[in-house]
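Heads up: the structure comes next, in structure tokens.
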Amino acid sequence: MNFATVGYLVFFIIVFSIYWTLPRRRQNIFLCLASYFFYACWDYRFLSLILISTLVDFISGQRIKNSTTPKMRKTWLIISLSVNLGILGFFKYFNFFADGLVDLAGLVGWQLSDPTLNIILPVGISFYTFQTMSYSLDIYLKKLEPTKSLVDFAAFVAFFPQLVAGPIVRAREFMFQLESERRFNWPDFQDGLIRILLGFFKKLFIADILAVHLVDPIFADPSRYNSSMLWLALAGYSVQIYADFSGYSSMAIGSAKLLGFSIPENFSFPYLARDISGFWRRWHMTMSRFFRDYIYIPLGGNRKGFVRAMINLATTTLISGLWHGAGWNFVIWGGLHGIYLAVNQIWRRVSQHHPRFGGSGKWFEFLPAWIFTQLAVALAWVMFRSANVSGAWAYLHGMVESVGQESIALPWVVTIAFVAFIFDHAFGWVQENKNLSQVRIPAPLMAAGCVALVVFLLHAHPKNVDPFIYFQF
Amino acid sequence: MLRKVVTQMKEMRTQAPIVFSSVVILLGVEIISAAIGPLVVPDHIYLRGYLSEQAETSIQEFYTGASRALVFDEVSGWLNRPGFSRKKWVIDQHGARTTQTISSRHEDKKRILFLGSSLTNGGSHIENHETISAAIEDSTTEALNFATMLYSLDQSLLLYAHRLHEFESDVVVVGLSGQPYEGLSNRFIPFRMREESNMPYFKPRYRQNGQELELLPVPSKDLCLTVTQSSRELALLEYSDGYFGSFENFKRFNFTPLGRPLSSLASRLQNLGSLLQRDETELDLLVALMHKLEGLTEDDGARLVFMLLPDQGTIAPGWRNNLPDKYGDMVLRLRDEGFELLDGRKVLTEADEGCSRLYHADRRHFSALGNRIIGAALKPML
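Going line by line, the protein sequences match chains V and A. Each residue of the first sequence is one higher than the one before, counting from 1089 in this note's numbering. Each residue of the second sequence is one higher than the one before, counting from 350 in this note's numbering.
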């Protein structure tokens, strides 16, 4: 059940209407059942995986807490991680590693038969397995007490607004909300609706318009088009993936708010970042912090010397790339960002020792840094968007040296989509750099804007809604 | 209860002023769009939004004579362009889909004339020799297939009356769809089929005036050409096209977030309602036209046979099996009226072939196999 559909709207209205008539305990049960129904609409067969993950981690959490020896605690943690990573590994990575093994064997002269299976990737598996693992890990690290209620835990794991594509919510941010009384209040209702509307606009208009008219046609066959079109399509994809994912996150956050829950932000105007570290503090923030807290820091972070820090960084970004997809292009994408972060770290060390390289913070000094950062991010997106590594290289080659000669006459809506994105980030810049606390936009004016947005969306969105990009992960 | 609602509204106004103002503004927009807009904005402006760009282009091309496959006809609306061919679809110099050159009348051959829509014509996905008309041909029978895309019975009748006497046919076979009454109250095709962008044309229609049939002819070419530039013809259509209501709904409810889904829901419920109820009167005009055609063919000394050609949903109705059998009722009524009738549903069901083999992917037109089976059932009746 895609968020940007009438079906989800009807589903949510029904859930919302019933939910607020129930007392807290029944709310949690109802939420759990509604979330399972939501997931079953994608594919009912994979409900079993969520149930397994839920049960294993619920029990593991209890056992970790109640274990009397460190060895037992570790054992239960390993069980939890093994089950979750095992499920994830099988459904997502079996064919990738099987193909890799065949290729590797071929390199040394062994001919292995193709062991790949016809495995369907369950929607949201990368997200909910991370959430359940974070529960076990936080209990093991003594940052969280296990919950006694299986229903509450199941509701946390399956919470439908963020089940299929995040934000990745940690148990310690959410469980207490499930255990607290929730009362309907109009301000949250208003905020939630506005978030959902903005999310719809980003997804249905900005992302889908760019996909249909610019990105998909050119990435489908880049050899037909000239360099300018390839650069434009890359810019389009950079905007599309941001609008698509942040739009989804916005809808998820808004939906959660309408149900009385607060879940963390996932994006903070990432294309304002002046360096790559800044980019990752703004892009898919909940995933970044997950990898930081559960991989980078446990590996030692930057506490064991510069070289070790670089190795930890590379490991983390490679795993992050692999998390996005079972393909070498994703691994390379992660590796590229690892290199970018390493370069950034080196530059910082140089700046610390040689302050004149650090700059004085004036715009003409950070403008090149901004341009360079965004260019690096955009070029990495080629690897992310392309079907495979060879396709990505061909695209990059085409950007430098025109292979084809064609260009596309773009409809006016593409320009509007780009302008809307610029407005979005301009608003972010103003928010970060100016004091907006005294600025009050009258409610009727905001309301008129909202209604205009709804009417605009009704007529301007593409007829066929593309699936959310991050659903494939 | 009312007090509770009022209290909640007051709370919304103070605590969620944007939502409250949005609701008020939205209701205002809905009212303006539904009630005031149609009074202020000319109909032809709405029509430009109603029709796709392709439809507007098709209108221009057709009424200026630039359309390749069809030509304007002041009697029936449009005709197959004689001599036109595209891929599998070949039209001869008379405007018919034939397998042999038809010239003067052969006394030792029975001549069968086919009329109807693309269901009888066969459509562009099959060859001429794979049509129903080709299936009944042999050494003693020749067939001329004058069936034309999107024709309703009224157009077939007018075509026969004005242009096809000269062919001196022995039998006239008229193909009807599973819901042949649907096109009879329609004059402007897009009002009945908004998605039709290749043939958004004007057609004639008959209207029952007591016992008499009143012909509303095809509008002039100039009026047809200027339909998106002037509201003159649309004003006429308001009273002469039974499907004008769909355009009215579009004018009032298409542009707003509440109006469009509510109107769509109402339309679906209406369609469901029409499936659930039996309405004898919807067949009256059809029967009257069939009798009129019968009179014309009898005057020419020809027999008249009708074929009912249902779509795949009628053969394999699924859950609709529990709904009233309007197709079955129609067969009974038409047989009671004394018409010679081939029941396509019976023929295709008894053939015991899967629907996917009998029908084209569009689930309405027949495959070559489907046409052969119908032709084989039709032949003994001729």
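Note that the Cβ used here is the ideal one computed from N, Cα and C, for glycine as well.
Within-7 Å CB hit, residue i to chain B
| i | result |
| --- | --- |
| alanine 1344 of chain V | Annotation note: the requested chain B is absent from the structure, which comprises protein chains V and A. |
CA nearest to the CA of residue i, picked from the options
| i | options | result |
| --- | --- | --- |
| glycine 667 of chain A | A:Cys704, A:Val355 and A:Gly719 | A:Cys704 |
| alanine 415 of chain A | A:Gly426, A:Arg430, A:Ser488 and A:Ser401 | A:Arg430 |
| serine 1478 of chain V | V:Ala1464, V:Leu1298, V:Phe1418 and V:Tyr1313 | V:Phe1418 |
| isoleucine 723 of chain A | A:Gln403, A:Val522, A:Tyr399 and A:Lys436 | A:Val522 |
| leucine 502 of chain A | A:Glu479, A:Leu464 and A:Gln578 | A:Leu464 |
| leucine 1143 of chain V | V:Met1221, V:Phe1289, V:Thr1163 and V:Val1211 | V:Met1221 |
| isoleucine 451 of chain A | A:Glu597, A:Arg721, A:Glu515 and A:Phe596 | A:Glu515 |
| valine 373 of chain A | V:Phe1262, V:Cys1538 and V:Asn1172 | V:Cys1538 |
| aspartate 649 of chain A | A:Leu690, A:Ala484, A:Lys353 and A:Leu513 | A:Leu513 |
| serine 518 of chain A | A:Ala651, A:Thr489, A:Leu672 and A:Leu396 | A:Ala651 |
| isoleucine 475 of chain A | A:Ala615, A:His714 and A:Ser580 | A:His714 |
| isoleucine 440 of chain A | A:Lys458, A:Val424, A:Gly471 and A:Leu400 | A:Gly471 |
| lysine 458 of chain A | A:Leu625, A:Leu493 and A:Leu683 | A:Leu493 |
| leucine 1541 of chain V | V:Leu1302, V:Ile1284, V:Ser1224 and V:Trp1458 | V:Ile1284 |
| isoleucine 1427 of chain V | V:Asp1240, V:Gly1413, V:Thr1404 and V:Trp1416 | V:Thr1404 |
| alanine 1402 of chain V | V:Gly1415, V:Gly1413 and V:Ile1383 | V:Ile1383 |
| leucine 707 of chain A | A:Leu614, A:Gly386 and A:Pro659 | A:Pro659 |
| valine 390 of chain A | A:Ala710, A:Ala717, A:Thr489 and A:Arg601 | A:Arg601 |
| serine 1355 of chain V | V:Gly1348, V:Pro1234 and V:Met1339 | Here residue 1355 of chain V is phenylalanine; the residue named in the question, serine, does not match the sequence. If we check each option's Cα against that of phenylalanine 1355 of chain V, V:Met1339 comes out closest. |
| tyrosine 1483 of chain V | V:Tyr1313, V:Lys1153 and V:Met1398 | V:Tyr1313 |
| glycine 1212 of chain V | V:Leu1229, V:Val1190 and V:Leu1176 | V:Leu1176 |
| proline 1421 of chain V | V:Leu1410, V:Ile1152 and V:Leu1225 | Note on residue identity: the sequence assigns tryptophan, not proline, to residue 1421 of chain V. When only C-alpha atoms are compared, the closest one is V:Leu1410. |
| leucine 585 of chain A | A:Pro568, A:Met639 and A:Gly377 | A:Pro568 |
| tyrosine 500 of chain A | A:Asn477, A:Leu468, A:Ile485 and A:Glu486 | A:Leu468 |
Distance cut-off 6 Å: residue i Cβ against heavy atoms of the ligand FAD
| i | result |
| --- | --- |
| arginine 362 of chain A | As far as ligands go, the structure on display features none, and thus does not contain the ligand FAD. |
Expected contact under 8 Å - CB spacing of residue i and residue j to nearest Å
| i | j | result |
| --- | --- | --- |
| proline 529 of chain A | leucine 635 of chain A | 6 Å |
| asparagine 547 of chain A | aspartate 590 of chain A | Between aspartate 590 of chain A and asparagine 547 of chain A the Cβ distance is about 20 Å, and since that is not below 8 Å, they are no contact. |
| phenylalanine 1379 of chain V | serine 1408 of chain V | 5 Å |
| glutamate 545 of chain A | proline 539 of chain A | 6 Å |
| valine 1257 of chain V | proline 1352 of chain V | 7 Å |
| cysteine 1120 of chain V | alanine 1242 of chain V | 5 Å |
| serine 466 of chain A | serine 526 of chain A | 7 Å |
| methionine 1073 of chain V | tryptophan 1319 of chain V | Residue 1073 of chain V cannot be examined here, being either before or after the span of chain V that is shown, 1089 to 1561. |
| valine 1245 of chain V | isoleucine 1138 of chain V | 6 Å |
| methionine 1317 of chain V | isoleucine 1496 of chain V | 6 Å |
| alanine 637 of chain A | leucine 562 of chain A | 6 Å |
Chain V contact for residue i (CB, 7 Å cutoff)
| i | result |
| --- | --- |
| alanine 365 of chain A | yes |
| serine 755 of chain A | Because chain A in this structure spans residues 350 to 731, residue 755 of chain A falls outside the shown range and cannot be described. |
| glutamate 379 of chain A | no |
| methionine 498 of chain A | no |
| isoleucine 374 of chain A | yes |
| valine 520 of chain A | no |
| valine 354 of chain A | no |
| valine 390 of chain A | no |
| glutamate 360 of chain A | yes |
| proline 529 of chain A | no |
| proline 606 of chain A | yes |
| valine 368 of chain A | yes |
| serine 579 of chain A | no |
| serine 742 of chain A | With chain A covering only 350 through 731, there is no way to say anything about residue 742 of chain A. |
| serine 623 of chain A | no |
| serine 371 of chain A | yes |
Short CB-CB distance (under 7 Å) between residue i and chain A
| i | result |
| --- | --- |
| cysteine 1058 of chain V | Any property of residue 1058 of chain V remains undetermined from this structure, which presents chain V solely from 1089 to 1561. |
| phenylalanine 1134 of chain V | no |
| alanine 1535 of chain V | yes |
| leucine 1292 of chain V | no |
| proline 1532 of chain V | yes |
| leucine 1546 of chain V | yes |
| phenylalanine 1277 of chain V | yes |
| histidine 1274 of chain V | Residue identity differs from the one stated: residue 1274 of chain V is tryptophan in this sequence, not histidine. Cβ-Cβ to chain A under 7 Å: yes for tryptophan 1274 of chain V. |
| valine 1542 of chain V | yes |
Proximal residues to residue i (C-beta, below 6 Å), its chain only, five neighbours per side dropped
| i | result |
| --- | --- |
| alanine 1344 of chain V | Pro1249 and Ile1351 |
Residues near residue i by beta carbon distance below 7 Å, same chain, minus five either side
| i | result |
| --- | --- |
| lysine 1277 of chain V | The question names lysine, but residue 1277 of chain V in the sequence shown is phenylalanine. Cβ neighbours of phenylalanine 1277 of chain V beyond the five flanking positions: Leu1346. |
| phenylalanine 411 of chain A | Leu419, Phe421 and Tyr550 |
| glycine 1287 of chain V | Gly1335, Tyr1336, Ser1338, Met1339 and Gly1342 |
Same chain, Cβ closer than 8 Å to residue i, neighbours up to 5 away in sequence not counted
| i | result |
| --- | --- |
| valine 654 of chain A | Val520, Val521, Val522, Val523, Glu689, Leu690, Leu691, Leu727, Met730 and Leu731 |
(request) Identify every run of the alpha helix (DSSP H) within the stretch 511-596 of chain A, keeping only runs that are complete inside it and at least 4 residues long; order them along the chain. (result) 538-541, 570-574 and 581-589
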